[in-house]
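There are 2 protein chains.
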Amino acid sequence: MVEVKELSRYEGQEVTVAGWVDQLRVHGKVAFLVVRDGTGYVQGVLVRKELPTEVWEIGTALTQEASVKITGSVREDARSPGGFEMGLSHVELLGPSPEYPIQPKEHGVEFLLDHRHLWLRSSQQRAGLGVRAEVEQAIHDFLYQRDFVRVDTPILSGAIGEHAGTLFATDYFGENAYLAQTGQLYAEAACPAFRNVYCFGPTFRAEKSKTRRHLTEFWMMEPEMAFVDSDGNMRFQEELISYIVERALERCGSQLDLLERDRSKLEGVTAPFPRISYTDAVTRLQEKGSSIKWGEDIGGADETLLSEDYDLPVFVFNYPRGVKAFYMKQNPDDPETVLCDDLIAPEGYGEIIGGSQREDDLELLLTRIREEKLPEEAYGWYLDLRRYGTFPHSGFGLGLERTVAWITGRKHIRELIPFPRLINRLYP
Amino acid sequence: MVEVKELSRYEGQEVTVAGWVDQLRVHGKVAFLVVRDGTGYVQGVLVRKELPTEVWEIGTALTQEASVKITGSVREDARSPGGFEMGLSHVELLGPSPEYPIQPKEHGVEFLLDHRHLWLRSSQQRAGLGVRAEVEQAIHDFLYQRDFVRVDTPILSGAIGEHAGTLFATDYFGENAYLAQTGQLYAEAACPAFRNVYCFGPTFRAEKSKTRRHLTEFWMMEPEMAFVDSDGNMRFQEELISYIVERALERCGSQLDLLERDRSKLEGVTAPFPRISYTDAVTRLQEKGSSIKWGEDIGGADETLLSEDYDLPVFVFNYPRGVKAFYMKQNPDDPETVLCDDLIAPEGYGEIIGGSQREDDLELLLTRIREEKLPEEAYGWYLDLRRYGTFPHSGFGLGLERTVAWITGRKHIRELIPFPRLINRLYP
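Which chain is which? The protein sequence lines are X and V, in order.
Per our numbering, the first sequence starts with residue 16, numbered consecutively.
Per our numbering, the second sequence starts with residue 16, numbered consecutively.
Here is the structure:
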């Protein structure tokens, strides 16, 4: 058995391919059968007079998504997807597919999400998730080449996270455990062991938010770097994003084309990226008609408004302390703000990275934990990192689905994760 | 600032290194300060008469794990860790470390686990977790090179898994959700989209087991391959394991040496691996004195007993249906067994892989789901994969911590995950 992606090597030879029926067109005594095998599409041609009756009958009765083995000789054909077609001598039905639910017509999104396990087979979904997989490998490669050590942080923990009240809880042999909202605090602990580290895995937010930018379970990649300040942090972020975009352009051309992504929007995405302080961003937003006031967080609509000014992702840095997490380092030049950055994608795709220098002063960190009324005892180990050889360090979290939504130009992040979890969706 | 790993490039130059104090020895008017910066260790030499009093005093008062910046000229010295030392001209204390809890003496394991956030800094832990990170990247590379598409499967789901009764549950906006024990069933759904896929992430077992082979949260890598049978599945497993071992030998030599791993035990690990049927394994175990009877699962002690016969990992294949999961394919030549394999590591490290061909017959699968009294409605989507274009396919799960324990020769898998979760441990 050969895979469709290798067909060019078998020109003139008889081969067998196994896959799923994508399309069948019968024109009198000739039929065209397009089969997808997961590595590509190939068209098989059935000619009635050249085939045993049985093979013709099986071949022309196939329905969408039936699984088949087709055998035939490979020949070049520019009109065939992939450039090669097969003149079929045999068709074997492996698994029938009566009344396949997803038809080549418009379906409602809830119907498609209910059938996500089948919807994955459609070309747009394959393209989007293919880019996701490439971006993940690109991230691993980028960090591995730079000697970052991967440190897998736990999902189950005591009440550690950014946003109390949006935690999923579970009974852990009689104790309460919570699902991680971030691996960052654990990654910080690994810096003195490995200097530069990262975690990359699922994170959880029990937010009752229904916007197209939110999933209750999403993947986040979080590097943490010892002896790097907020400026170095932003420089690293723009290098990483430039690399990811370049690699997607280089290796995912066919997927981006299928999704009709305007590649010119991505081609100019190279470091450095523009930077604007939170304070300047608020002024700019007010000029553009926003009602935002200094001290408020920048919401999704305002992020979109701001991103209109730029063709590149833009850093908004040094937010007010009150809208950011307790662990961000106080700005020594302006104690009302913290040394942080949000990276906002162009074209209205919103925040794809949130980063900061971390508060490395034990007393200032304790003050913030108490201000936020966080359970101090749960942070005992985290405070130890400031008790024993505290050090300047910075890091960030990259939201995988949002990043891939931007790169692929897709509107809904729920399509960029294989099995989305939304407030009303736990199935399939 | 430079990193220790790059010091050789700066011979004869004055540089600054930042890191944590590993050791300080003061011999009268000369002091030797070993600093770890996460990329390596370097020895700094302080000579009293060449330094301002203040620098000498700061340098010779440092305590374990204080964070420092040291400045000095780089010179070759074979006795220094890494081959270079620094003649120090300046020492800056960044963060003191009074009474660091982990001293260079024996500590009890519970104490060390309570201080896991600091214990990570010790050389053995760094070595073991460094090998873990290399193995993870090796797995991604191996699969990427073979066009496997990574498909991230959900953690939160309805009651889907192998072992009912060992699930962690959470309230999901009024519904019950459970933490995934496996991503396999979801990976199966992605095969018709991408042919060969894998997932790699945390999985959960609420097992009240305290053996050294169990974690409640552990990382598993699960490939799934369309049109691959049980034999092909085993062939793929042995190729993957051979690659991982070769890469660890090639790139983790210093870590394996530090852990005093007998490398000769790994050097011969190349495919093919021996195979023994479950039935023959039971006979062999009985000969060796085990009380196991046909139809029982092979426990940890018996796995160790069996592994004594082999220098290589050994496949035990075709177990009785009754001890294996419902989704494994019935053996057409012996319906009392299923087409599965466990890969048992040598030297008593136990099962590192469990794999099988999947049941692709809708009726047989339904029969098994009913036999096991599983909630049929939760498997509706999984059954759809057999309703619409069912196809032969196989896959397996590789337990990351067990694999790394074997490669590194460590006894306890809890040391091969950064923050272990055990039945009595959720902190730090």
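By construction, the Cβ of each residue, glycine as well, lies at the ideal position given by its N, Cα and C atoms.
In this text, all values refer to a predicted model and were calculated from it rather than measured experimentally.
Cβ distance (whole Å) where X/His132 is taken to contact V/Asp399 below 8 angstroms | Reading the first sequence from its first residue, position 117 is the one you call residue 132 of chain X. Reading the second sequence from its first residue, position 384 is the one you call residue 399 of chain V. Indeed they touch by this definition, with Cβ atoms about 6 angstroms apart.
Check whether the region 406-414 of chain X touches the region 196-213 of chain X, counting contact only when three or more Cβ pairs, one atom from each stretch, lie closer than 8 angstroms.
-> yes
Out of V/Cys267, V/Arg336, V/Asp326, point me to the one whose CA is closest to V/Pro457's CA.
-> Shown here, chain V extends from 16 to 443; a query on residue 457 of chain V therefore has no answer.
At a cut-off of 6 angstroms, is V/Gln58 close to the ligand GTP when judged by its beta-carbon and the heavy atoms of the ligand?
-> Ligands in the displayed structure: none, and consequently the ligand GTP is not present.
Chain-order list of residues whose beta-carbon lies under 8 angstroms from that of X/Leu273 (same chain, five-residue window excluded) | By 1-based counting over the first sequence, the position of residue 273 of chain X is 258. Answer for X/Leu273: Ser138, Gln139, Ala142, listed in chain order.
What residues of chain X sit near V/Met16, judged by a beta carbon separation below 9 angstroms?
-> By one-based count along the second sequence, residue 16 of chain V stands at place 1. Going along chain X in sequence order, the residues near V/Met16 (Cβ under 9 angstroms) are Phe242.
Given a cut-off of 7 angstroms, decide if V/Arg436 and X/Pro169 are closer than it, judged by their beta-carbon atoms.
-> Residue 169 of chain X sits at position 154 when you count from the first residue of the first sequence. Residue 436 of chain V sits at position 421 when you count from the first residue of the second sequence. The answer is yes: Cβ separation under 7 angstroms.
Could you confirm whether any beta carbon from chain X is found closer than 7 angstroms to the beta carbon of V/Gln270?
-> One-based indexing of the second sequence puts residue 270 of chain V at position 255. So no, V/Gln270 is outside the interface.
Per the contact definition of three or more C-beta pairs closer than 8 angstroms, is the region 356-366 of chain V in contact with the region 303-321 of chain V?
-> Touching, yes, given that three or more Cβ pairs across the two stretches are closer than 8 angstroms.
Segment contact, 8 angstroms Cβ cut-off, at least three pairs: the region 180-187 of chain X with the region 181-189 of chain V = yes
Whose C-beta lies closer than 8 angstroms to the C-beta of X/Ala202 among residues of the same chain, with five residues either side of it excluded?
-> Here residue 202 of chain X refers to the residue found at position 187 of the first sequence. Excluding positions up to five away in sequence, the list reads Val166, Thr168, Val212, Tyr213, Cys214, Glu237, Pro238, Glu239, Gly410.
How long is the line joining the alpha carbons of X/Gly110 and X/Gln79, rounded to whole angstroms?
-> Working through the first sequence from its first residue, we reach residue 110 of chain X at position 95. Working through the first sequence from its first residue, we reach residue 79 of chain X at position 64. Each residue's alpha carbon lies about 11 angstroms from the other.
Between V/Ala46 and V/Thr75, is the Cβ-Cβ spacing less than 7 angstroms?
-> The residue labelled residue 46 of chain V in the question sits at position 31 within the second sequence. The residue labelled residue 75 of chain V in the question sits at position 60 within the second sequence. With respect to V/Thr75, V/Ala46 sits close: the two C-beta atoms are nearer than 7 angstroms.
Using a Cβ-Cβ cut-off of 7 angstroms, state whether V/Phe434 counts as contacting chain X.
-> The residue labelled residue 434 of chain V in the question sits at position 419 within the second sequence. Answer yes: the Cβ-Cβ gap between V/Phe434 and chain X drops below 7 angstroms somewhere.
Output yes or no for whether 7 angstroms exceeds the beta carbon distance between X/Arg450 and X/Phe332.
-> No answer is possible for residue 450 of chain X: it lies beyond the span of chain X, which begins at 16 and ends at 443.
Note down, in chain order, every chain V residue with its Cβ under 8 angstroms from the Cβ of X/Val124.
-> Taking the first sequence and counting its residues from 1, the one referred to as residue 124 of chain X is at position 109. Here the premise fails: no neighbours, minimum Cβ distance about 17 angstroms.
Smallest Cα separation from V/Glu387: which of V/Lys223, V/Glu100, V/Ala340?
-> The residue given as residue 387 of chain V occupies position 372 in the second sequence. Of the listed residues, the one whose Cα sits closest to V/Glu387 is V/Ala340.
Note down, in chain order, every chain X residue with its Cβ under 8 angstroms from the Cβ of V/Trp234.
-> Taking the first residue of the second sequence as 1, we reach residue 234 of chain V at position 219. Within 8 angstroms Cβ-Cβ: Asp167.
Look up V/Asn211 in the DSSP assignment and give the residues it is bridged to.
-> In the second sequence, counting from the first residue as 1, residue 211 of chain V sits at position 196. V/Asn211 pairs with V/Met240.
In terms of alpha-carbon separation, which member of V/Leu128, V/Leu66, V/Arg210 lies closest to V/His408?
-> Locating residue 408 of chain V in the second sequence gives position 393, counting from the first residue. Among V/Leu128, V/Leu66, V/Arg210, the Cα nearest to that of V/His408 belongs to V/Arg210.
Neighbourhood of V/Pro475 by C-beta, 6 angstroms cutoff - its chain only, sequence neighbours within 5 removed = Nothing about residue 475 of chain V can be read from this structure; chain V reaches only from 16 to 443.
Can a CB atom of chain V be found closer than 7 angstroms to the CB of X/Thr405?
-> Walking along the first sequence from the start, residue 405 of chain X turns up at place 390. True, the Cβ-Cβ gap to chain V drops below 7 angstroms.
Based on the DSSP secondary-structure assignment, which residues constitute the bridge partners of V/Thr294?
-> Position 279 of the second sequence, counted from the first residue, corresponds to residue 294 of chain V. Beta-bridge pairing links V/Thr294 to no other residue.
Would you check if there are 3 or more beta carbon pairs closer than 8 angstroms linking the region 273-283 of chain V to the region 247-257 of chain V?
-> no
Could you tell me whether the Cβ of X/Ile438 comes closer than 7 angstroms to any Cβ of chain V?
-> Counting from 1 along the first sequence, the entry for residue 438 of chain X is found at position 423. Closer than 7 angstroms: yes.
Do we get a CB-CB distance below 7 angstroms when we pair V/Ser444 with the residues of chain X?
-> Within the shown structure, residues of chain V are numbered from 16 to 443, placing residue 444 of chain V beyond reach of any answer.
For V/Ser322 versus V/Gly268, is the C-beta spacing smaller than 7 angstroms?
-> Walking along the second sequence from the start, residue 322 of chain V turns up at place 307. Walking along the second sequence from the start, residue 268 of chain V turns up at place 253. Not a contact, by the Cβ cut-off of 7 angstroms.
Look at the alpha carbon of X/Phe219 and the alpha carbon of V/Ser172, and state the distance between them as a whole number of angstroms.
-> To locate residue 219 of chain X, count along the first sequence from 1; it is residue 204. To locate residue 172 of chain V, count along the second sequence from 1; it is residue 157. If you take the alpha carbons of X/Phe219 and V/Ser172, they lie about 13 angstroms apart.
Rounded to a whole number of angstroms, what is the C-alpha to C-alpha distance between X/Leu135 and X/Thr294?
-> Here residue 135 of chain X refers to the residue found at position 120 of the first sequence. Here residue 294 of chain X refers to the residue found at position 279 of the first sequence. Approximately 44 angstroms between the Cα atoms of the pair.
C-beta neighbour in chain V for X/Val338, strict 7 angstroms | Taking the first residue of the first sequence as 1, we reach residue 338 of chain X at position 323. Cβ-Cβ to chain V under 7 angstroms: no for X/Val338.
Taking the alpha-carbon positions, what's the V/Gly145 to X/Val164 distance?
-> Position 130 of the second sequence, counting from 1, holds the residue named residue 145 of chain V. Position 149 of the first sequence, counting from 1, holds the residue named residue 164 of chain X. Each residue's alpha carbon lies about 7 angstroms from the other.
Per-residue DSSP class, three states only, for X/Ile359 = To locate residue 359 of chain X, count along the first sequence from 1; it is residue 344. If DSSP states are grouped into helix, strand and coil, X/Ile359 belongs with the strands.
Nearest chain X C-beta to V/Leu260 closer than 7 angstroms, yes or no?
-> Position 245 of the second sequence holds residue 260 of chain V. Here the sequence assigns Val to residue 260 of chain V, which means Leu is not the residue at that position. Closer than 7 angstroms: no.
Can you pull the chain V residues whose beta carbon is under 7 angstroms from the beta carbon of X/Ile73, in chain order?
-> If you number the first sequence from 1, residue 73 of chain X lands on position 58. Within chain V, no residue comes near X/Ile73; the closest Cβ sits about 15 angstroms away, beyond 7 angstroms.
Determine the extent of the beta strand (DSSP E) in which V/Thr86 is found, giving its start and end residues.
-> Here the question's residue 86 of chain V lines up with position 71 in the second sequence. From DSSP, the beta strand (DSSP E) with V/Thr86 extends over 82-91.
In three-state terms, what does DSSP make of X/Pro335?
-> Mapped onto the first sequence, residue 335 of chain X falls at position 320. In the structure shown, X/Pro335 sits in a strand (DSSP, three-state: E or B).
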